[in-house]
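See below for the structure under consideration.
Number of protein chains: 2
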Amino acid sequence: MTEQSFEGWMKSIQVEMEVALVKLLPSVTQKPARLHEAMHYAVLDGGKRVRPLLVHAAGALFDADVAELARAAAAVEMIHAYSLVHDDMPCMDDDALRRGKPTVHVKYDEACALLVGDALQAQAFEILAEGGLDAARQLAMLRLLAKASGSFGMCGGQAIDLASVGLTLSLQELEQMHTLKTGALLRVSVLLGALAGKALSENEIAALDQYSSAIGLAFQVVDDVLDATADSATLGKTAGKDAADNKPTYVSILGLEQSQALAEKLRTDAYRALEQFGDKARRLRELADLIVQRKA
Amino acid sequence: MTEQSFEGWMKSIQVEMEVALVKLLPSVTQKPARLHEAMHYAVLDGGKRVRPLLVHAAGALFDADVAELARAAAAVEMIHAYSLVHDDMPCMDDDALRRGKPTVHVKYDEACALLVGDALQAQAFEILAEGGLDAARQLAMLRLLAKASGSFGMCGGQAIDLASVGLTLSLQELEQMHTLKTGALLRVSVLLGALAGKALSENEIAALDQYSSAIGLAFQVVDDVLDATADSATLGKTAGKDAADNKPTYVSILGLEQSQALAEKLRTDAYRALEQFGDKARRLRELADLIVQRKA
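Protein sequences appear in the order of chains A and B.
In terms of our numbering, the numbers along the first sequence are unbroken and rise by one, the last being 306.
In terms of our numbering, the numbers along the second sequence are unbroken and rise by one, the last being 306.
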């Protein structure tokens, strides 16, 4: 495994993930078929699968079972996919384009998009509850995923984000918002992957949290940089939307150059957090590189 | 406990439930405060708490720990509450009144209502994952709740309901829809309550499922009867809405008299299913009575 190039590793995880997601989604041959079709539409053929990659990369730290990693990764990815479906709806960000395709409420309808998100969230918890690890560890993973998804995690971050449109946020407030909105799910990806390998010591959790914080913020800083500099075709979503919506971003607060420097600093922080894990952390380091260097 | 009147028992569960829900919801003193306030608004001071009553009544079959029952009941009730918040939204049933109060999207806004529902679902799974039963049983409860909530349960039923507006459903199709939309959550209430007491035999599960099917359908039949006969003030929601929306109902298919006779027959079925449990099933029998005889 460690001989494989990062590109090759990433591609193989992405392909395996697609297979796992199809298997773990409700079949489109079962009723209600339109809902199940829309769930597939929302989840499959989607993006770089950063969260599943993090689950697998963290699982490599402790040689976790690959099938259990695929299950945890699918659960996190379904939470992520549901949040995108709901965030794109007219009452939230009102976005018509996602990953170069019409968003779910455009392709289907709003009621369907609402239900797709709701059903995907339930499906995520069901999948994780059906894992084959010892019950206590499986329960710990469920607790972490639920907390990362709820009002002290992703949903809370989205609420703060909505409330901050048109406001001037401080850098600290912006960071808090993203720590919840995006960071919580990235963090839980790392933790679930590691937990699938073994029960974690406090020291290990602290190191993984440092890594997650660094890449979580880097992810957002780079997002803001790309939103300000890339075009819609490259991004696969509407570019320049944050500025148009008058949303505070790292670029609007720090400027472009300082934002890029911050992303580089965060990559260094991420590397430092992984030192104790040695060569087994290779994929996590490479993912930090990916997050900072990505062009879309 | 068994000396207590049904009214007294019900009242005490309802009061205890309110306390448990406040304790198990995120505090409104914590950020994001508006989201947390809206979550409280959606869940507290809400209705008869039929599902929590079922959890406690089923728990009495096997002398389950009351704190564990309260936790399971709160989890089910949060799923129920989130589904009401989302169902009331403009893109679904577009209802402005719920339990005599403005619905969440009217009182707050649509984006907030969407997030309230999403966060409540996560909260439900978090609460249940934090229970104190042995991990294997707790996991089994989580699997049941997730399945009952998702596309083969409540969300699936809602999808079929939306797709059936303006269509002529057969009695069997109508039953299938309600079995998912309302029945799945009532069934899981009974199963979680019983499971909080002990691991269940197949025979016990079959009996409880018969009971749940009967009261689940009775619940819907009576809902349809009330929607056709009661006024909005008594119901605490907009009466006559199904007819106005051209939705198929038991009353529109069977007529009023036959619908009332069906509800009575279902009560008898529910009683019969409980025979093996003897006196310990007293509260479950009384809840079947409540469901059939309720006026709102």
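Heads up, the beta-carbon is just placed ideally off N, CA and C, and yes, glycines get one too.
Open item on the list: Along the stretch 15-39 of chain B, where does the CB come closer than 7 Å to a CB of chain A? Name the residues.
Closed with: Listed by position, the residues of the stretch 15-39 of chain B near chain A (Cβ gap below 7 Å) are Pro36.
- [ ] Specify the secondary structure class of Pro258 of chain B as computed by DSSP and reduced to three states.
- [x] In the structure shown, Pro258 of chain B adopts coil according to DSSP, grouped into three states.
TODO: Provide the residue(s) that pair with Leu294 of chain A in DSSP beta bridges, ordered along the chain.
DONE: Bridge partners of Leu294 of chain A: none, in fact.
TODO: Could you tell me whether the Cβ of Pro258 of chain A comes closer than 8 Å to any Cβ of chain B?
DONE: Not one chain B Cβ lies under 8 Å of Pro258 of chain A.
Open item on the list: Is Lys191 of chain A close to chain B? Criterion is C-beta to C-beta, closer than 8 Å.
Closed with: It does not; no Cβ of chain B falls within 8 Å.
Open item on the list: Does the CB of Asp128 of chain B have a neighbour CB from chain A at under 8 Å?
Closed with: The beta carbon of Asp128 of chain B sits closer than 8 Å to some beta carbon of chain A.
- [ ] Can you tell me which of the three DSSP states Val302 of chain B falls into?
- [x] The DSSP-derived three-state label of Val302 of chain B is helix.
Open item on the list: For Ala77 of chain B, tell me which candidate among B:Lys111, B:Ala271 and B:Gly141 has the shortest Cα-Cα distance.
Closed with: Comparing Cα positions, the closest option is B:Gly141.
Open item on the list: Across the stretch 124-131 of chain A and the stretch 157-170 of chain B, are there enough close Cβ pairs to call them in contact, namely three or more that are closer than 8 Å?
Closed with: In this structure the stretch 124-131 of chain A lies against the stretch 157-170 of chain B, because at least three pairs of beta carbons, one per stretch, are closer than 8 Å.
Open item on the list: Which complete alpha helix (DSSP H) runs does the stretch 16-61 of chain A hold, if anything under 4 residues is left out?
Closed with: Segments of the alpha helix (DSSP H) lying fully in the stretch 16-61 of chain A: 16-34 and 43-53.
Open item on the list: Using a Cβ distance threshold of 8 Å, determine whether the stretch 93-102 of chain B contacts the stretch 110-121 of chain B, with at least three qualifying pairs required.
Closed with: Between the stretch 93-102 of chain B and the stretch 110-121 of chain B, the count of Cβ pairs shorter than 8 Å is three or higher; the stretches touch.
Task: DSSP three-state assignment for Lys307 of chain A, whether helix, strand or coil - done: What is shown of chain A runs 11 to 306, which leaves residue 307 of chain A out entirely.
TODO: On the DSSP bridge assignment, give the partners of Leu308 of chain A in chain order.
DONE: Residue numbering for chain A in the displayed model covers 11 to 306; residue 308 of chain A lies beyond these limits and cannot be assessed.
Open item on the list: Taking contact to mean 3 or more Cβ pairs, one atom from each stretch, closer than 8 Å, check whether the stretch 59-73 of chain A and the stretch 143-160 of chain A are in contact.
Closed with: Taking a contact to require three or more Cβ pairs closer than 8 Å, the stretch 59-73 of chain A and the stretch 143-160 of chain A do not qualify as touching.
Task: Residues, ordered as in the chain, of the stretch 134-163 of chain A that lie near chain B by beta-carbon distance below 7 Å - done: Correct list: Phe135, Glu136, Ala139, Glu140, Ala145, Ala146, Gln148, Leu149, Leu152, Arg153, Ala156, Lys157, Ser159, Gly160, Ser161 and Phe162.
Task: DSSP-derived helix/strand/coil call for Gln14 of chain A - done: Here Gln14 of chain A carries a coil assignment [DSSP, helix/strand/coil].
TODO: Would you give the residue range spanned by the alpha helix (DSSP H) that Ser223 of chain A belongs to?
DONE: First-last of the alpha helix (DSSP H) with Ser223 of chain A: Glu212 to Thr239.
TODO: Answer yes or no: does any C-beta atom of chain A fall closer than 8 Å to that of Arg293 of chain B?
DONE: At a cut-off of 8 Å between beta carbons, Arg293 of chain B makes no contact with chain A.
Task: Lys275 of chain B: first and last residue of the uninterrupted alpha helix (DSSP H) it sits in - done: Counting along the chain, Lys275 of chain B sits inside the alpha helix (DSSP H) bounded by residues Leu266 to Ala283.
Task: Complete runs of the alpha helix (DSSP H) confined to the stretch 164-211 of chain B [at least 4 residues] - done: With a minimum length of 4 residues, the continuous alpha helix (DSSP H) runs that stay inside the stretch 164-211 of chain B are 164-173, 181-188 and 194-207.
Task: Meets three-Cβ-pair contact criterion under 8 Å: the stretch 73-90 of chain A and the stretch 199-208 of chain A - done: Under the Cβ criterion (8 Å, minimum of three pairs), the stretch 73-90 of chain A counts as touching the stretch 199-208 of chain A.
Task: Straight-line gap, Thr239 of chain B to Gln270 of chain B (C-alpha atoms, nearest Å) - done: Answer to the nearest angstrom: the Cα atoms are 12 Å apart.
- [ ] Assuming Leu54 of chain B contacts Leu31 of chain B (C-beta within less than 8 Å), just tell me the rounded distance between them.
- [x] A Cβ-Cβ separation of about 6 Å places Leu54 of chain B in contact with Leu31 of chain B under the 8 Å criterion.
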